[in-house]
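In the numbering used here, the protein residues as written are 1 to 297. Where is the CB? At the ideal position from N, CA and C, for every residue including glycine.
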Amino acid sequence: MKILLASLETATGLPEIVGFIFVFALGAIVGSFLNVVIHRVPNEESIVFPNSACPKCKTPIKFYDNIPVLSWLILGGKCRNCKEAISPRYPAVELLTALLYVLIYWQIGFNPYLAVSLVFVTAIVSLIFIDAEHMILPNVITYPLLVYALLVRLAFPLLLSAEYFTDLYFAPLTYFQHYPLWLVSLFGAVLGGLVGGGFLWLVGAVWKLLRGVDAMGLGDVKMMFAVGAFLGWRLTILSIFLGAFSGAVIGILVIYRQKEKDLQAQIPFGIFLGIGTILSLLFGEQLIKWYLETFVP
Ligand SMILES: [Zn+2]
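Encoded structure:
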């Protein structure tokens with residue numbers, strides 16, 4: 001999705017590698033904060049107080065033992081005080097967030113849409129891991145994400161540029177060209193939200209009708225409403241498709257490995273919707289272009 005080909009080098013004179021190092025470090029620090037969010041938000045605990053402590057001996061973690069990824073490696077994955085093993089999930093989340101930040105920078109480049117995309121992806125990563133661990137997608141993340149998406153879709157056409165929102169160049173939004181751009185952009189956000197949230201709601205309703213169980217939580221609906229508002233209807237449909245595809249592949253592997261085929265269990269589908277969303281943000285436009293060139297005569 002290289003829409004505005006601004007580079008750090010042309011904008012500031014700094015070599016491109018500086019940008020990559022900066023977003024990697026930023027991603028690792030944000031990932032460290034996400035570990036706190038993932039752990040505390042579902043339990044409705046404050047994400048500011050108290051400071052992180054060892055879950056076993058309750059010793060507060062010193063700032064020099066709280067360097068993303070590095071500290072875990074230096075300490076050999078153990079608490080400095082009681083030697084209790086620290087889950088590799090912590091450095092994994094930090095490393096993953098750092099690598100995602102690098103990927104986004106590589107795809108989007110040095111422009112205002114980079115900053116808003118990093119915030120968006122950070123929220124999605126937190127939802128993925130919270131769903132994996134607690135099987136919920138908390139309202140305290142999905143609701144603000146929706147408000148955020150609407151604000152971005154409103155503010156960009158007014159203050160910066162709307163060319164980042166690719167849905168504006170496709171039907172049905174092209175029919176509204178005589179309206180102010182900010183209104184079309186906002187309409188695109190609502191449409192994307194209805195497509196994303198509506199589709200998930202429909203799947204849940206049909207499933208309940210057929211099987212009599214709630215397979216899809218309302219959290220998935222709210223999450224995809226927010227994603228739809230941010231990405232627009234085209235990239236949102238792709239997100240759901242990529243999510244369903246990755247979910248099916250991983251689901252088959254899991255069911256194949258565990259002999260008891262418990263298909264009634266609630267699926268933490270937010271994980272796969274989140275993966276689909278990130279892939280769609282990163283490579284969506286390229287994927288759609290490739291698909292149309294390859295399969296549509
Ligand atoms: Zn300890």
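Three-state secondary structure (DSSP) of residue i
{"i": "residue 289", "result": "helix"}
{"i": "residue 78", "result": "strand"}
{"i": "residue 85", "result": "strand"}
{"i": "residue 25", "result": "helix"}
{"i": "residue 115", "result": "helix"}
{"i": "residue 138", "result": "coil"}
{"i": "residue 180", "result": "coil"}
{"i": "residue 1", "result": "In this predicted model, residue 1 has a pLDDT of only 37, less than 50, meaning its place in the structure is not dependable enough to derive any value."}
{"i": "residue 60", "result": "strand"}
{"i": "residue 171", "result": "coil"}
{"i": "residue 229", "result": "helix"}
8 Å contact criterion, which residue i and residue j should meet: CB distance rounded
{"i": "residue 107", "j": "residue 282", "result": "5 Å"}
{"i": "residue 101", "j": "residue 209", "result": "About 42 Å; that fails the 8 Å criterion."}
{"i": "residue 167", "j": "residue 188", "result": "5 Å"}
Proximity of residue i and residue j at Cβ, strictly below 7 Å
{"i": "residue 186", "j": "residue 153", "result": "yes"}
{"i": "residue 131", "j": "residue 42", "result": "no"}
{"i": "residue 91", "j": "residue 28", "result": "no"}
{"i": "residue 145", "j": "residue 226", "result": "yes"}
{"i": "residue 184", "j": "residue 200", "result": "no"}
{"i": "residue 196", "j": "residue 236", "result": "yes"}
{"i": "residue 279", "j": "residue 242", "result": "yes"}
{"i": "residue 21", "j": "residue 37", "result": "no"}
{"i": "residue 57", "j": "residue 81", "result": "yes"}
{"i": "residue 60", "j": "residue 66", "result": "no"}
Buried/exposed call for residue i, threshold 16 Cβ in 10 Å
{"i": "residue 45", "result": "exposed"}
{"i": "residue 128", "result": "buried"}
{"i": "residue 39", "result": "buried"}
{"i": "residue 157", "result": "buried"}
{"i": "residue 275", "result": "buried"}
{"i": "residue 192", "result": "buried"}
{"i": "residue 2", "result": "Its pLDDT being 39, under 50, residue 2 is placed unreliably by the model, and the measurement read from it follows with that caveat. With fewer than 16 Cβ atoms within 10 Å of its Cβ, residue 2 is classed as exposed."}
{"i": "residue 116", "result": "buried"}
{"i": "residue 10", "result": "exposed"}
{"i": "residue 94", "result": "buried"}
Chain C within 7 Å of residue i, Cβ atoms only
{"i": "residue 238", "result": "The question asks about chain C, but that chain is absent: this structure has only one protein chain."}
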